[in-house]
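Enquirer: Submitted below is the structure of interest, expressed as structure tokens.
Numbering (the working numbering), first residue to last: -17 to 70.
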């Protein structure tokens, strides 16, 4: 009874890729907004242009995206191990 999670189809892969890409865009928006607020707070200390903020935000977003993908892979492995353990 229930859903069989052993079938990981191309549709599931496409869904994961799209959701990961959307998460990456979210990470970029978050980091740029965060850095923008920090630059406002430290306006006389940290002199930065908008282009620099976007570049720093993009670098931080890529790092965050890599960590997010690592988290997803570990989560999938753990779920598979738990399914194999339960079904054995």
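The beta carbon of each residue, even a glycine, is placed where N, CA and C say it ideally should be.
Pick helix, strand or coil for residue 18, following the three-state DSSP scheme.
Expert: Here residue 18 refers to the residue found at position 36 when the chain shown is read from its first residue. Here residue 18 sits in helix by DSSP.
Enquirer: Where does residue 24 fall in DSSP's three states?
Expert: One-based indexing of the chain shown puts residue 24 at position 42. Reduced to three states, the DSSP call for residue 24 is coil.
Enquirer: From residue -9 to residue 40, what does the alpha carbon distance come to, in whole angstroms?
Expert: As a first step, residue -9 must be located in the chain shown, where it is residue number 9. As a first step, residue 40 must be located in the chain shown, where it is residue number 58. Each residue's alpha carbon lies about 31 Å from the other.
Enquirer: With distances taken from CA atoms, which of 8, 17, 21 is nearest residue 46?
Expert: Counted from its first residue, the chain shown places residue 46 at position 64. Looking at the Cα atoms, 8 is the closest of the given residues.
Enquirer: Which two residues bound the contiguous alpha helix (DSSP H) that contains residue 29?
Expert: Taking the chain shown and counting its residues from 1, the one referred to as residue 29 is at position 47. Note, residue 29: premise wrong, no alpha helix (DSSP H); not H, not E.
Enquirer: Please state the DSSP three-state secondary structure of residue -9.
Expert: As a working mapping, residue -9 is identified with position 9 in the chain shown. The answer is coil: DSSP assigns residue -9 none of H, G, I, E or B.
Enquirer: Measure the alpha-carbon distance for residue 56 versus residue 69 and round it to whole angstroms.
Expert: Residue numbering aside, residue 56 sits at position 74 when the chain shown is read from its first letter. Residue numbering aside, residue 69 sits at position 87 when the chain shown is read from its first letter. Roughly 20 Å between the two C-alpha positions.
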